[in-house]
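Chains as they are written, first to last, in this note's numbering: chain A, 880 to 1050; chain B, 880 to 1050.
Spelled out as structure tokens, the structure:
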């Protein structure tokens, strides 16, 4: 099998992991009543609704980092990346329903873009690294940024699942 | 562009993600006093020490799944994959220090094996899927199993970091 075909198979695995994690987050936020998501994942820590905003803002930043355009919801950055949970009154934050629709916007846009990416494109430098720094560390490419966002989703899913009612082994 | 084949560059990114997550778990379990790890990550949920056993057992299962040999610590499977936390007295479980040394054994063995894996080997079927099922879904390969174990570590790191004293945005 050619190197290009092998590479496409592997980028396919990573895109599949993206799809699986996006689906897990989407499913989680469509499963319970709204009140459920205003609980803290652990005493004194972030609420689920905040983590939805946080994950949406973090994924939205992939658009500029991968050279795909501007953020769809730039207003989320200061609220969910720059400000901890519970520092602002909920009236200054988007509602849970708004956040769910932003999550859908952002992840659909990204998933569409990913279907057209070629393997050499994935291995290009991302837009926040200079050509000089990229030459020193070619791992700083677009695919590595995507891998980081996948693990970022699973990191917070581990926290979100602490809220689930049914106890499951090591969940 | 690096002289490495595209496919090798990409498997390199995934191996790097493995190394980064293993290092994060190792660092976490070497940072605090032993008592710290006997706390639950959230009220009524798993203790950190249990999650160390759980992550060790899950990673140990990669050895047979990737065709690399038998588990190094098969005794962990029933304790940390088949039994929820706090069902057995701590006297029947390995100590925290023993678990840390098992974690080192398992992850070092795996990391050594990974350095010798070729890309075509990564794309072979893993040992728990039949040739027939693999033909239907070639994603069920060894590299995909590794990706799953990487996200498994980040999932539980999200929980473990809830125990950290200092509050950090969306941690």
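For each residue, glycine too, the CB sits at the ideal point set by N, CA and C.
Between the C-alpha atoms of residue 886/B and residue 890/A, what's the straight-line distance to the nearest angstrom? Each residue's alpha carbon lies about 9 Å from the other.
* Inter-stretch contact (C-beta, 8 Å, three-pair minimum) for the region 941-954 of chain A and the region 1022-1037 of chain A -> Under the 8 Å Cβ criterion, the region 941-954 of chain A counts as touching the region 1022-1037 of chain A, having at least three qualifying pairs.
Backbone CA spacing between residue 970/B and residue 931/A [nearest angstrom]: Taking the straight line from one Cα to the other gives about 40 Å.
Where the alpha helix (DSSP H) through residue 952/B begins and ends
Neither: residue 952/B is in no alpha helix (DSSP H) and is coded neither H nor E.
| request: Counting only the same chain and skipping the five closest in sequence on each side, list residues whose C-beta sits under 6 Å from that of residue 896/B. | output: Non-local C-beta neighbours of residue 896/B in its own chain, meaning closer than 6 Å and more than five positions away in sequence, comprise 1029, ordered along the chain.
| query | Given that residue 995/A touches chain B, what residues does it touch there, using C-beta distances under 8 Å? | reply | Here the premise fails: no neighbours, minimum Cβ distance about 18 Å.
- Neighbour list for residue 886/B in chain A, Cβ cutoff strictly below 7 Å: Those are 882, 885, 886 and 889, listed as they occur along chain A.
Check this for me: beta carbons of residue 935/B and residue 901/B, under 8 Å apart or not?
In this structure, residue 901/B does not lie closer than 8 Å to residue 935/B by Cβ.
- For residue 925/A, which three-state DSSP category applies? In the structure shown, the three-state DSSP call for residue 925/A is coil.
Member of 1019/A, 894/A and 918/A whose CA lies at the smallest distance from the CA of residue 995/A: Closest by C-alpha distance to residue 995/A, out of 1019/A, 894/A and 918/A, is 894/A.
Straight-line CA distance for residue 924/B to residue 1034/A? 16 Å
Residue 1004/A in three-state terms, based on DSSP:
DSSP places residue 1004/A in strand when its eight states are reduced to three.
Whole-angstrom Cβ separation of residue 929/B and residue 959/B, contact assumed at under 8 Å?
7 Å
Review point. In the DSSP assignment, what residue or residues form a beta bridge with residue 976/A?
Key: Answer by DSSP bridge pairing: none, since residue 976/A is not bridged.
Q: Give me the Cα-Cα distance between residue 978/B and residue 1003/A, rounded to the nearest whole angstrom.
A: 41 Å
So, for residue 898/B: in the same chain, excluding its five sequence neighbours on each side, which residues have a beta-carbon less than 8 Å away from its beta-carbon? 990
For this session: Drop a sphere of 10 angstroms on the beta-carbon of residue 939/A, count the other beta-carbons inside from all chains shown, and report buried for 16 or more, exposed for fewer.
Result: buried
* For my contact list, residue 892/B and residue 921/A are in at a C-beta cut-off of 8 Å; report their separation, rounded to the angstrom. => Actually they are not in contact, since the Cβ atoms of residue 892/B and residue 921/A sit about 32 Å apart, beyond 8 Å.
Rounding to the nearest angstrom, what Cα-Cα distance links residue 883/B and residue 882/A in this structure? 10 Å
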